[in-house]
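For reference, the structure is listed below as structure tokens.
Numbering (full-length UniProt numbering), first residue to last: 1 to 163.
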């Protein structure tokens with residue numbers, strides 16, 4: 001019996017906390033990945049966890065707010081290739097939550113800012129910037145870091161412009 005082995009991707013979740021025209025941005029530090037750059041509340045899935053539940057958990061762990069998973073609106077999926085690894089980013093928007101966003105992981109984040117999409121920090125992680133702008137334009141899907149040649153997949157470096 002032939003068993004087909006399927007390729008598996010890791011997934012990350014991102015939460016766009018929207019307060020009117022502004023979104024909550026967190027500046028990363030001492031994580032080993034894009035330290036000093038701004039992102040939004042984000043993280044990985046845990047075993048047995050749904051994507052929405054992971055997003056609600058990450059928002060709580062990083063900012064202290066409580067969001068019902070069903071209140072998270074899926075707004076964008078990003079198929080990304082960074083540092084030689086491909087993964088899926090699931091972006092959710094939340095307009096309502098309980099609590100006030102604060103820095104709950106000061107060992108991982110240096111700053112919390114509310115920013116408009118037309119005034120994101122210059123040092124916003126490029127794939128996060130791309131996904132935020134595509135989500136705002138009602139584009140449900142995009143790709144980042146892929147550059148196609150016939151028969152080959154080549155990744156861009158993290159600092160290059162999104163594709």
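Virtual Cβ for every residue (Gly too), placed ideally from N, Cα, C.
Which residues DSSP lists as bridging residue i, in chain order
{"i": "residue 141", "result": "77"}
{"i": "residue 2", "result": "Per DSSP, none; premise fails for residue 2."}
Cβ-Cβ separation, residue j to residue i (assumed contact under 8 Å), whole Å
{"i": "residue 74", "j": "residue 59", "result": "Going by Cβ atoms, the distance from residue 74 to residue 59 rounds to 14 Å, so no, they are not a contact pair."}
{"i": "residue 78", "j": "residue 11", "result": "Between residue 11 and residue 78 the Cβ distance is about 10 Å, and since that is not below 8 Å, they are no contact."}
{"i": "residue 140", "j": "residue 17", "result": "That pair is no contact at about 20 Å."}
{"i": "residue 37", "j": "residue 123", "result": "5 Å"}
{"i": "residue 72", "j": "residue 55", "result": "5 Å"}
Length of the line joining the Cα atoms of residue i and residue j
{"i": "residue 39", "j": "residue 13", "result": "12 Å"}
{"i": "residue 118", "j": "residue 85", "result": "30 Å"}
{"i": "residue 95", "j": "residue 19", "result": "7 Å"}
{"i": "residue 27", "j": "residue 125", "result": "10 Å"}
{"i": "residue 70", "j": "residue 51", "result": "11 Å"}
{"i": "residue 153", "j": "residue 91", "result": "Its pLDDT being 48, under 50, residue 153 is placed unreliably by the model, and the measurement read from it follows with that caveat. Roughly 24 Å between the two C-alpha positions."}
{"i": "residue 66", "j": "residue 81", "result": "31 Å"}
{"i": "residue 144", "j": "residue 76", "result": "13 Å"}
{"i": "residue 104", "j": "residue 64", "result": "6 Å"}
{"i": "residue 88", "j": "residue 136", "result": "19 Å"}
{"i": "residue 147", "j": "residue 128", "result": "18 Å"}
{"i": "residue 62", "j": "residue 132", "result": "19 Å"}
{"i": "residue 121", "j": "residue 115", "result": "8 Å"}
{"i": "residue 2", "j": "residue 9", "result": "22 Å"}
{"i": "residue 15", "j": "residue 97", "result": "12 Å"}
{"i": "residue 134", "j": "residue 43", "result": "20 Å"}
{"i": "residue 211", "j": "residue 138", "result": "Absent from the structure is residue 211, since the part of the chain shown begins at 1 and ends at 163."}
{"i": "residue 130", "j": "residue 68", "result": "26 Å"}
{"i": "residue 35", "j": "residue 5", "result": "36 Å"}
* Entirely within the UniProt domain "Nudix hydrolase" (8 to 137) and at least 3 residues each: give me those beta strand (DSSP E) ranges in chain order. => 10 to 19, 22 to 28, 42 to 44, 73 to 82, 85 to 94, 109 to 116
Check your understanding: So, do the region 103 to 118 and the region 47 to 54 have three or more beta carbon pairs nearer to each other than 8 Å?
Key -> no
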